[in-house]
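Visitor:
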Amino acid sequence: MDTRTATAELGWISFPANGWEEVSGYDENLNTIRTYQVCNVFEPSQNNWLLTTYIDRRAAQRIYVEIRFTVRDCASIPSVLGSCKETFNLYYLETDRTVSESIKGVEYWANAPFLKVDTIAADESFSQVDFGGRLMKVNTEVRSFGPLSKGRGFHLAFQDLGACMSILAVRVFYKKCPSVVQNFAYFPETLTGAESTSLVIARGSCISNAEEVDVPIKLYCNGDGEWMVPIGSCSCKAGYEPDNSNVCRACPQGTFKSFQGAGLCQQCPPNSRSTIEAATLCSCRNGYYRGDMDRPEDVCVPSAPRNVVSVINQTSVLLEWHSPRDTGHRDDLSYNVLCRRCHSAERRACQPCDDSVKFVPGKRGLKETQVEISKLRAHTSYTFIIQATNGVSNKSPYPAQQLSINITTNQAAPSVVPIMHQVSSTSRSFSLSWPPPEQPNGIILDYEIRFYDKTLLNSSVVQSQTPGVVLEGLRPGTGYVVQVRARTVAGYGAYSKDMLFQTLTDELGQQLSLIAGYLVGGVCIEVRLLPKIPSRGHQNNSFYMSFLMLSSEVALRPDMFSGPTPTVTFPTRSEGHSSPGVKIYIDPFTYEDPNEAVREFAKEIDPSCVKIEEVIGSGEFGEVYKGRLKPIGKKEIPVAIKTLKVGYSERQRRDFLSEASIMGQFDQPNIIRLEGVVTKSRPTMIITEFMENGALDSFLRQNDGQFSVIQLVGMLRGIASGMRYLAEMSYVHRDLAARNILVNSNLVCKVSDFGLSRYLEEDASDSTYTSSLGGKIPVRWTAPEGIAYRKFTSASDVWSYGIVTWEVMSYGERPYWDMSNQDVINAIEQDFRLPAPMDCSVVLHQLMLDCWQKDRNARPKFPDIVSMLDKMMRNPTSLKTETRVIQTYSPSHHPLLDRGAPDLSSISSVEDWLAALKMTQYRDSFLGSGFTSLPLVTQITAEDLQRIGVSLAGHQKKILTSVQLMRHNVDDQSPTESV
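Residue 889 in the UniProt record's numbering sits at position 889 of the sequence shown; the count goes up by one each step and never skips.
1. Helix, strand or coil, according to DSSP, for Ser-268 in the structure here?
2. Write down the C-beta distance between Asp-214 and Lys-611 rounded to the nearest angstrom, noting that I regard them as a contact closer than 8 Å.
3. Alpha carbon to alpha carbon, how far is Ile-586 from Ala-597? Give it in angstroms, no decimals.
4. Quick check for students: name the residue ranges of the beta strand (DSSP E) that lie wholly in the UniProt domain "Fibronectin type-III" (413-506), counting only runs of 3 or more.
5. Can you grab the Cα-Cα spacing for the pair Ala-17 / Val-38, in whole Å?
6. Return helix, strand or coil for Trp-49, following the three-state DSSP convention.
7. Give me the DSSP bridge partner(s) of Ile-167.
8. Here's the rule I'm using: 16 or more other beta-carbon atoms within 10 Å means buried, otherwise exposed. How should Gln-665 be labelled?
9. For Leu-264, count neighbouring C-beta atoms within 10 Å of its own C-beta (all shown protein chains included) and say buried if the count is 16 or more, exposed if not.
10. Taking the DSSP output, what are the residues bridged to Leu-742?
11. Could you tell me how far apart the beta carbons of Gly-153 and Arg-57 are, in whole angstroms, since I believe they sit closer than 8 Å?
12. Using a Cβ-Cβ cut-off of 8 Å (strictly less than) and excluding sequence neighbours within five positions of Met-1, which residues of its own chain qualify?
13. Could you say which of Ser-721, Gln-463, Glu-9 lies nearest to Met-868 if we only look at CA atoms?
14. Go ahead and label Phe-601 buried or exposed: buried means 16 or more other beta carbons lie within 10 angstroms of its beta carbon, across all protein chains shown.
15. DSSP three-state label for Glu-107, please.
16. Is the beta carbon of Thr-380 less than 8 Å from the beta carbon of Arg-340?
17. Cα separation between Pro-397 and Gln-266?
18. Tell me the DSSP secondary structure of Gln-652 in three-state form.
19. Can you tell me the Cα-Cα spacing of Ala-378 and Glu-620, whole angstroms?
20. Quick check: the Cα distance between Val-317 and Ala-278, rounded to an integer number of angstroms?
21. Any idea if Ala-75 is buried or exposed, counting beta-carbon neighbours within 10 angstroms, 16 or more meaning buried?
22. Determine, using beta carbons only, whether Asp-298 comes closer than 8 Å to chain D.
23. Can you tell which of Leu-148, Pro-876, Val-200, Gly-25 has the C-alpha that lies nearest to the C-alpha of Asp-96?
24. Pick out whichever of Leu-168, Asp-27, Pro-188, Arg-72 has its Cα sitting closest to the Cα of Glu-66.
25. From the DSSP secondary-structure annotation, give me the bridge partner or partners of Ile-686.
26. For Leu-93, which residues does DSSP report across the bridge?
27. Return the Cβ separation of Gly-223 and Ser-179 in integer angstroms, given the expectation that the two are a contact with Cβ distance under 8 Å.
28. As a quick exercise: from Phe-931, Ala-915, Cys-282, Leu-432, pick the residue whose alpha carbon is nearest that of Lys-958.
29. Output the boundary residues of the beta strand (DSSP E) element that contains Lys-626.
30. Is there contact between the region 496-506 and the region 423-432, where contact requires at least three CB pairs shorter than 8 Å?
31. If Val-117 sits next to Leu-90, beta carbons under 8 Å apart, how far is it from one beta carbon to the other, in whole angstroms?
32. Is the beta carbon of Ala-737 closer than 8 Å to that of Ile-825?
33. By DSSP's criteria, Glu-228 is part of a beta bridge. Which residues make up the other side?
34. Using the C-alpha atoms, what's the distance from Ser-649 back to Cys-234?
35. Along the chain, where does the beta strand (DSSP E) that runs through His-322 open and close?
36. Return the CA-CA distance between Leu-333 and Gly-362, expressed in angstroms with no decimal places.
As C-alpha cells, this is what we get:
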C-alpha cells in the first residue's frame with residue numbers, strides 16, 4: 001500500500017465520528033494528496049482510532065511501515081488542556097478477511113485484538129499554522145513488525161490520545177532479495193525472514209549448459225534484502241565457456257574445451273580440428289596420432305616410442321622401449337620419462353610423483369632406451385609416459401611423441417625411522433622412543449634396536465613391539481650409539497642413522513632428566529606428534545610417559561639436553577622491535593596503519609583455495625564455518641573460517657583482523673595455528689586449523705569420567721606449554737579459560753581466542769563483571785588484582801590457569817557453581833579458594849592453590865608449572881587420590897567450602913542420593929534392580945554397577961566413592977561430622 005500519490009478517497013474506518021477526518025491537502029511540493037487529521041486538543045480523554053483498508057501480506061513475514069506526518073507543538077496552542085499530546089500509537093491486526101465498516105461500537109474498539117508496534121513521536125513539530133502548506137515540518141518514521149503467520153493479511157490502526165496532527169502518507173512494504181545469477185547458478189526471488197537478523201536459505205540451480213561443482217548450492221538472504229555467504233557453485237560444462245559471468249556459450253568450430261570449469265575455449269592443437277560447436281576434443285588429422293593417456297590439448301604426432309617393457313622389483317621398476325618408427329629424419333632424438341601416481345583406474349585420479357622418486361640415469365634428455373625408477377610406494381599404481389623429443393619438438397610438424405604404461409608396485413620393506421628421542425636416563429639405563437617410518441609399506445610387526453658402547457664397539461640387539469624401548473644394564477657416564485629399523489611381512493627396512501645417547505654418572509644416577517638424542521656430527525630437533533593417547537592404563541609407565549610428554553609439547557627445550565647444549569634463537573619478524581635472538585610479541589595496534597600488521601604477520605590466501613562447507617557457529621563479527629583449504633601444490637586440509645559480516649565499519653574490520661595479526665606471530669604446537677587471511681575479496685576471512693573436538697569445557701562435559709588422570713594431566717601440560725610460550729613472548733592472554741582451549745582428535749589442547757581480551761569491554765555475558773575502573777571482566781577466571789585494578793600480567797594468567805586446572809579435573813563444571821559474580825569477589829577477598837574436585841589428587845589441588853596465591857609474586861611461573869606436571873607424569877603414583885578429612889565448618893566459614901564432595905546429610909532416599917551425585921539418569925536402573933533403599937545401596941559393588949548398566953569408569957568410581965562415604969557415615973552415626 002502506498003498513499004503518497006492517492007487523490008481519491010481512501011475509505012479508512014475512523015472511530016468516533018468526531019475523531020480522525022479525511023481531507024484533501026497539499027504536500028510540501030504542493031502536490032494534491034489525501035490526508036487524515038485530528039485536533040481535539042481542547043477536549044479531555046481523547047481516544048481516536050483510524051483503521052486502514054485490508055492489506056494482503058503476500059507471504060511476507062516481516063512488514064515495514066513508512067509514515068509521513070506533521071504534529072503541532074502543544075506549547076503553541078493557546079488555552080490548551082494539559083492532556084495535549086505530540087505522539088500517536090501504531091497497531092496492527094492479523095486477519096484473513098476485511099474488517100466490516102459497520103464496526104463502530106465502543107466495545108469493539110475497547111477490546112479489539114490489536115498488537116502494538118510502537119508509540120511514534122515527531123522529530124520536528126510546527127508552531128504556526130500556514131494555510132498555504134508551504135512551511136510544514138514533515139516527519140518521516142519507519143517501523144517494522146512480525147513475524148506474521150496467522151492470516152493472509154492485516155489492517156493497520158492509528159490511535160490518537162489527544163494530539164493536533166495530520167497523517168500525510170502511509171507506505172507499507174516488505175523486503176526481499178531479488179532473483180540473481182551468481183557463480184553460474186540461478187537463485188529465485190526470496191523474501192526476508194521474520195526477524196531483521198534472520199538468514200533465509202535460497203537453493204540455487206545451475207544455468208543452461210552449466211553443471212554443479214560444489215553442492216549444495218545456496219545463498220543466504222539477510223534481513224536487509226541482500227544476498228550473502230555464497231556456498232557451492234556451478235561452472236560451464238566441457239565444450240562451453242563463460243560469457244559475462246552469467247551465460248555458458250558453446251565453443252565455435254575450430255576450438256574446444258575438454259573440461260568443466262571457468263576456462264575459455266582453446267584453438268585446436270596442431271594437426272587436429274573440430275567441425276562442430278561445443279566440441280570437447282579436437283580429432284587428429286589423417287596420419288597423426290594422440291596417445292590413449294594424452295590430454296585433449298596435446299598435439300597429434302606422427303608416431304610414438306614402441307614396445308615398452310617393465311620389470312618390477314618390490315618398489316622399483318626397470319623400463320625399456322624401442323625407438324619410434326618415424327623419427328622426423330633427425331639424429332637429435334632424446335627421451336623424457338614422466339611419472340604419475342594413481343589412486344584408481346581413472347586418469348583424472350593421477351597426480352605427478354613426489355620429488356623423492358629416483359630415476360637412473362635420469363628422467364629428461366635420455367639417449368638410451370631404458371631407465372631404472374626406485375623409491376616408489378608399495379602397492380601403488382603408477383603411469384609412466386615416455387616422450388620422444390628432438391630439437392624442434394616444440395614446432396609443428398614434429399611435436400613430442402609418446403606412449404605410456406601402467407604398473408603396480410609390490411610389497412616392500414618399511415622406510416628408515418627418521419629420528420629417535422631420549423625420554424629419560426639413569427646411570428645404568430635410558431629409555432628411547434621414535435615415530436613410525438614415514439612409509440611403513442604395511443603393518444609394522446616389530447622394531448629391532450642395535451646399540452653399542454662407542455669405546456668398545458661390541459654391539460647388542462633387542463626387539464620391541466612398540467616404538468619405544470628401555471635399554472638397561474649400561475655403564476655409567478658412557479655414550480652409546482643406537483640404531484633402529486622396522487619390520488613388516490616384507491622384511492626389515494634399513495637401519496636409521498647412528499644416534500648417540502649418554503647415561504648419567506653415578507653422582508647423578510638418582511636424578512631423572514629429559515635428554516634429547518642428537519645425530520653424530522649435528523643436533524637433531526625434529527619431533528612429531530604421536531597418535532591419540534589410550535584411555536586406559538599402560539603397562540610400561542616410562543614408555544607411556546614419553547608418549548604423553550611428546551604429545552603435549554613437541555618443541556624441544558635447551559634443558560632437555562645433557563652434554564653440549566645447542567644455542568636456540570628465534571628470529572624477529574621486523575627490525576628494531578626487540579633485542580637480537582629474542583622474539584617478542586608486537587601489539588598490532590602500535591602500528592600507525594594496522595593493515596600493515598596484517599600484511600606482516602598473516603599470509604594472504606587466494607579465496608579460490610578456500611571451500612566453505614557448513615556454518616558451525618556465530619562470532620562477534622559474523623559467521624564461523626567449517627571448510628577445506630587447498631593451497632596450490634599442497635594437500636587439502638580441514639580449517640575453521642571466521643568471516644566478517646556485510647556492512648562492517650573500518651574499525652570493525654581492523655579489530656577483526658587484529659586477532660590474525662596476533663595469532664600470526666605465534667608458532668607453537670599448543671597455540672592455535674593461523675593458516676592465513678582473505679582481505680582482498682569479500683567476505684573477509686580468518687582461516688585457522690580445525691580442531692575436531694571443539695572447546696575443552698564442553699568436550700569434557702560430553703565425556704565425563706572417560707579419561708584417566710594421566711590423560712587429564714597431559715592436557716594440562718599442553719595448555720601450560722602454550723602459556724609458557726606466550727609468557728616468553730611477553731604476551732598476556734587475559735581470558736584463559738577452558739572455553740577458550742580447543743581440542744583436536746589427538747587430545748592435543750591448544751590456546752585460542754586472542755581477540756576476546758580486547759573485546760571484553762563490550763561483552764554483556766553473565767560471566768563478566770563491570771569493574772570500578774570500567775570494562776567487563778570474566779570474574780570467575782580473573783585474579784584479584786585484575787578485578788580491582790585491571791592489572792594484567794603473566795601472573796594473572798597463572799591464576800586463570802589454576803581455574804582451568806579445576807575445570808579439567810571436574811570435567812567442565814562451572815567454577816564457583818551458581819554463586820553470583822559479587823559473591824565470588826567477596827569470597828576470594830575472604831581467602832576462600834575452590835576445593836579439590838572429586839577424585840582429584842593432593843598434588844594437583846596444591847598446584848591450583850599455588851596459582852591462587854593472593855600475592856602475585858608468590859605464584860609459580862609457567863616454566864615451573866610445566867616442570868611440576870612433568871614430575872607428576874614421570875611419577876604417576878603421586879596422582880593417586882588420597883583420603884582427606886574435611887571438617888564441618890562453622891557458620892563463619894563460607895557455605896560452599898564443602899563443595900568438593902556431595903552433601904549426604906539431608907539424603908533420605910535413593911532418588912535424593914542420585915540427584916546429589918547428578919546421576920538421576922540411573923534412577924530406573926537402580927530401582928528396577930532392587931536397590932530401593934540407602935542401606936541396600938551401601939552394599940553395592942562394581943559388578944552390580946556393571947550389571948545394572950553403569951558402564952562408564954568415571955561414573956562407577958564416583959558412585960562407589962559416595963557409597964564408601966555413606967558406609968563411613970553409618971558406622972560413625974554422624975553423617976555431617978566428617979567426609
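No residue lacks a Cβ here, since even glycine has one placed at the ideal position from N, Cα and C.
Guide: If we stick to the structure as given:
1. For the purposes of this step, residue 268 is identified with residue 268 of the sequence shown, where counting begins at 1. Inspection of the sequence shows that residue 268 is occupied by Cys rather than by Ser. DSSP places Cys-268 in coil when its eight states are reduced to three.
2. Position 214 of the sequence shown, counted from the first residue, corresponds to residue 214. Position 611 of the sequence shown, counted from the first residue, corresponds to residue 611. That pair is a contact at about 7 Å.
3. Residue numbering aside, residue 597 sits at position 597 when the sequence shown is read from its first letter. Residue numbering aside, residue 586 sits at position 586 when the sequence shown is read from its first letter. Straight-line Cα distance between these residues: approximately 9 Å.
4. Those beta strand (DSSP E) runs which fall completely within the UniProt domain "Fibronectin type-III" (413-506) and span 3+ residues are 421-425, 430-433, 446-453, 459-464, 468-471, 479-488, 499-502.
5. Translated into the one-based positions of the sequence shown, residue 17 becomes position 17. Translated into the one-based positions of the sequence shown, residue 38 becomes position 38. The alpha-carbon atoms of Ala-17 and Val-38 are separated by roughly 11 Å.
6. If you number the sequence shown from 1, residue 49 lands on position 49. It is a strand residue.
7. Locating residue 167 in the sequence shown gives position 167, counting from the first residue. In the DSSP secondary-structure assignment, Ile-167 is bridged to Tyr-36, Phe-69.
8. Within the sequence shown, the letter at position 665 stands for residue 665. Gln-665 comes out buried.
9. As a working note, residue 264 is residue 264 in the sequence shown. It counts as exposed.
10. Against the sequence shown, residue 742 aligns to sequence position 742. Bridge pairing for Leu-742: Ala-695, Lys-750 [DSSP].
11. By 1-based counting over the sequence shown, the position of residue 153 is 153. By 1-based counting over the sequence shown, the position of residue 57 is 57. Confirmed, about 5 Å.
12. Your numbering for residue 1 matches position 1 in the sequence shown. Correct list, in chain order: Thr-52, Thr-53, Ile-55, Val-170, Arg-171, Val-172.
13. Looking up residue 868 in the sequence shown gives position 868. Taking the Cα of Met-868 as reference, the smallest distance to any Cα among Ser-721, Gln-463, Glu-9 is reached at Ser-721.
14. Indexing the sequence shown from 1 puts residue 601 at position 601. Phe-601 should be labelled buried.
15. As a first step, residue 107 must be located in the sequence shown, where it is residue number 107. In the three-state DSSP reduction, Glu-107 falls in the helix class (H, G or I).
16. Taking the sequence shown and counting its residues from 1, one reaches residue 380 at position 380. Taking the sequence shown and counting its residues from 1, one reaches residue 340 at position 340. Contact flag unset, no.
17. Along the sequence shown, one-based indexing puts residue 397 at 397. Along the sequence shown, one-based indexing puts residue 266 at 266. A caution first: Pro-397 carries a pLDDT of 46, below 50, which makes its placement in the model unreliable, though a value can still be read off. Gln-266 has its alpha-carbon roughly 19 Å from the corresponding atom of Pro-397.
18. The residue given as residue 652 occupies position 652 in the sequence shown. In the structure shown, Gln-652 sits in a helix (DSSP, three-state: H, G or I).
19. Counting from 1 along the sequence shown, the entry for residue 378 is found at position 378. Counting from 1 along the sequence shown, the entry for residue 620 is found at position 620. Between Ala-378 and Glu-620, the C-alpha separation is close to 49 Å.
20. Within the sequence shown, numbered from 1, the residue matching residue 317 stands at position 317. Within the sequence shown, numbered from 1, the residue matching residue 278 stands at position 278. If you take the alpha carbons of Val-317 and Ala-278, they lie about 42 Å apart.
21. Here the question's residue 75 lines up with position 75 in the sequence shown. Classification for Ala-75: exposed.
22. In the structure shown, chain D cannot be found, because there is only a single protein chain.
23. Reading the sequence shown from its first residue, position 96 is the one you call residue 96. The shortest CA-to-CA distance from Asp-96 to any of Leu-148, Pro-876, Val-200, Gly-25 is the one to Leu-148.
24. Residue mapping note: residue 66 aligns to position 66 of the sequence shown, counting from 1. Among Leu-168, Asp-27, Pro-188, Arg-72, the Cα nearest to that of Glu-66 belongs to Leu-168.
25. To locate residue 686, count along the sequence shown from 1; it is residue 686. DSSP output for Ile-686 lists Lys-642, Val-677 as bridge partner(s).
26. Locating residue 93 in the sequence shown gives position 93, counting from the first residue. Answer by DSSP bridge pairing, in chain order: His-155.
27. The residue labelled residue 223 in the question sits at position 223 within the sequence shown. The residue labelled residue 179 in the question sits at position 179 within the sequence shown. The C-beta distance from Gly-223 to Ser-179 rounds to 18 Å, too long to meet the 8 Å contact threshold.
28. In the sequence shown, residue 958 corresponds to position 958, counting from 1. Selected option, being the one with the closest Cα: Ala-915.
29. The residue given as residue 626 occupies position 626 in the sequence shown. First-last of the beta strand (DSSP E) with Lys-626: 623-629.
30. Taking a contact to require three or more Cβ pairs closer than 8 Å, the region 496-506 and the region 423-432 qualify as touching.
31. The residue labelled residue 117 in the question sits at position 117 within the sequence shown. The residue labelled residue 90 in the question sits at position 90 within the sequence shown. Going by Cβ atoms, the distance from Val-117 to Leu-90 rounds to 4 Å, so yes, they are a contact pair.
32. Position 825 of the sequence shown holds residue 825. Position 737 of the sequence shown holds residue 737. Between Ile-825 and Ala-737, the C-beta spacing is not below 8 Å.
33. Position 228 of the sequence shown holds residue 228. Checking the displayed sequence, the identity of residue 228 turns out to be Met instead of Glu. Beta bridge pairing from DSSP links Met-228 with Tyr-220.
34. In the sequence shown, residue 234 corresponds to position 234, counting from 1. In the sequence shown, residue 649 corresponds to position 649, counting from 1. Within the model, the alpha-carbon separation for Cys-234 versus Ser-649 is close to 32 Å.
35. Your numbering for residue 322 matches position 322 in the sequence shown. 316-322 is the span of the beta strand (DSSP E), which, as asked, contains His-322.
36. Within the sequence shown, numbered from 1, the residue matching residue 333 stands at position 333. Within the sequence shown, numbered from 1, the residue matching residue 362 stands at position 362. Distance between Leu-333 and Gly-362, taken at the CA atoms: about 16 Å.
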